[in-house]
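First the structure, in the form of structure tokens, and then the observations on it.
In structure tokens, the structure reads:
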């Protein structure tokens, strides 16, 4: 036996699909009749409509926020354009730069300049590995709930709002047809269609209202996740700075002296002879 909730959901989907398939001519007649005052015009309550607009605006704002946060940690626009956050192996910018430093140290330099480049190559490799770990954790841990909300929840919200608009038109159309019935048989069949549209609309409106009621909790969850991302992103930047600064001190440390004491900057590139 079919569960009553599943049956109601199925009937609502069928009614919404039927209302959405109404032709352009049918919608034109209904809209013309509404403007002439012949067909009753069903409208949402202003408070409910305002709450829907706020919910849609939050979804759009959150979508832009998540994209901007991902752009902060992944600066390669080509990777983001491909719908990914983590680049292919060996394509991380720090790793690429470290590889070029290593190539220059082997092929074009020697002596102090070679050691200088090798240290920075090793530094870029460490930073690249840490950044790849951070990129892998961004969507799976740091922004997981916000990213899922802008995907699954936004699709459900858009579907419900579109179906509600179609059902409002279906309610107006079936009510007008019910009032135009001339026989008891027509009145009964048209009355059943009218009631189905109302039940379907109430079901979809209830789904949207539940999303509106959850907004306070959802915003709080997303706020904590945003703070978590900010903390982890700051830690990544501190790690990058510390690695670069430590390497800078090491390459400028004279033999037998303290870091930075009496150190000279590395000379200009000296090609191998």
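Numbering (my numbering), first residue to last: 28 to 300. We put the beta carbon where it would ideally sit given N, CA and C, even for glycine.
Just to confirm the assignment: which complete alpha helix (DSSP H) runs, minimum length 4, are found wholly within the region 238-281?
242-278
For residue 69, which of 164, 228, 133 has the nearest alpha-carbon?
For this step, residue 69 is matched to residue 42 along the chain shown. Looking at the Cα atoms, 228 is the closest of the given residues.
Residue 234 - DSSP class collapsed to helix/strand/coil
Indexing the chain shown from 1 puts residue 234 at position 207. It is helical.
Using 8 Å as the cut-off, can you tell me whether the region 187-197 makes contact with the region 163-171, which would need three or more C-beta pairs spanning the two stretches below that distance?
no
Residue 252 to residue 182, Cα distance in whole Å?
Here residue 252 corresponds to residue number 225 of the chain shown, with the count starting at 1. Here residue 182 corresponds to residue number 155 of the chain shown, with the count starting at 1. If I take the Cα positions, the gap works out to 21 Å.
Taking only runs of the alpha helix (DSSP H) that begin and end inside the region 150-180, which ones reach a length of at least 4 residues, in chain order?
171-175
Measure the C-alpha to C-alpha separation of residue 304 and residue 134 and round it to an integer number of angstroms.
The displayed coordinates of the chain run from 28 to 300. Any statement about residue 304 would go beyond what the structure contains.
Tell me which residues share the same chain as residue 55 and place their Cβ nearer than 7 Å to its Cβ, disregarding the 5 neighbours each side in the sequence.
As a first step, residue 55 is located in the chain shown; it is residue number 28 there, counting from the start. Confidence in residue 55 is poor, its pLDDT being 47 and thus under 50, which makes the residue's placement unreliable; the coordinate value appears in the next sentence. Cβ neighbours of residue 55 beyond the five flanking positions: none.
Starting from residue 91, trace the alpha helix (DSSP H) both ways and give me its first and last residue.
By one-based count along the chain shown, residue 91 stands at place 64. Counting along the chain, the alpha helix (DSSP H) containing residue 91 begins and ends at 73-100.
Among 199, 240, 244, the one whose alpha carbon lies nearest that of residue 223:
For the purposes of this step, residue 223 is taken as residue 196 along the chain shown, with counting starting at 1. The option with the nearest alpha carbon to residue 223 is 199.
Give me, in chain order, the residues of the same chain whose beta-carbon lies closer than 7 Å to that of residue 159; leave out the 5 immediate sequence neighbours on both sides.
On the chain shown, residue 159 is found 132 positions in, with the first residue counted as 1. Around residue 159: 113, 119.
Taking DSSP as the reference, what is the three-state secondary structure of residue 117?
The residue you call residue 117 lines up with position 90 of the chain shown. Coil, per DSSP.
By Cβ distance, which residues of its chain are closer than 7 Å to residue 237, with the 5 residues on each side in sequence left out?
Here residue 237 corresponds to residue number 210 of the chain shown, with the count starting at 1. No residues qualify anywhere along the chain.
Kindly indicate which residue of 196, 279, 73, 243 has the alpha-carbon position closest to the one of residue 225.
Here residue 225 corresponds to residue number 198 of the chain shown, with the count starting at 1. Closest option to residue 225, Cα to Cα, is 196.
Counting only the same chain and skipping the five closest in sequence on each side, list residues whose C-beta sits under 7 Å from that of residue 163.
Within the chain shown, residue 163 is the residue found at index 136, counting from 1. Excluding residues within five positions, the ones whose Cβ falls inside 7 Å are 113.
If contacts are defined as beta-carbon pairs under 8 Å, then residue 221 and residue 201 qualify, I think. What distance do you get, rounded to the angstrom?
As a working mapping, residue 221 is identified with position 194 in the chain shown. As a working mapping, residue 201 is identified with position 174 in the chain shown. Sure, about 4 Å apart at Cβ, within 8 Å.
Just to check my reading of the structure: residue 271 and residue 150 have Cβ atoms closer than 8 Å, yes? What is that Cβ distance to the nearest angstrom?
In the chain shown, the residue the question calls residue 271 occupies position 244. In the chain shown, the residue the question calls residue 150 occupies position 123. That belief holds up - the Cβ atoms of residue 271 and residue 150 are roughly 6 Å apart, short of 8 Å.
Could you say which of 256, 71, 216 lies nearest to residue 165 if we only look at CA atoms?
Along the chain shown, read from residue 1 onward, the residue named residue 165 stands at position 138. Residue 256 is the option with its Cα nearest to residue 165.
Whole angstroms are fine: how far does the CA of residue 245 sit from the CA of residue 89?
Your numbering for residue 89 matches position 62 in the chain shown. Your numbering for residue 245 matches position 218 in the chain shown. Spanning the two alpha carbons is a distance of roughly 11 Å.
Put residue 223 into one of helix, strand or coil per three-state DSSP.
Here residue 223 refers to the residue found at position 196 when the chain shown is read from its first residue. Three-state result, residue 223: helix.
Excluding the five sequence neighbours on either side, which residues of its own chain have a C-beta within less than 8 Å of the C-beta of residue 214, listed in chain order?
By 1-based counting over the chain shown, the position of residue 214 is 187. These residues qualify, in order along the chain: 205, 208.
Given this structure, state the Cα-to-Cα distance separating residue 111 from residue 93, to the nearest angstrom.
Mapped onto the chain shown, residue 111 falls at position 84. Mapped onto the chain shown, residue 93 falls at position 66. Cα to Cα, the separation comes out at about 13 Å.
8 Å Cβ cutoff met for residue 194 and residue 82:
In the chain shown, counting from the first residue as 1, residue 194 sits at position 167. In the chain shown, counting from the first residue as 1, residue 82 sits at position 55. No, the pair does not count as a contact, with Cβ atoms beyond the cut-off.
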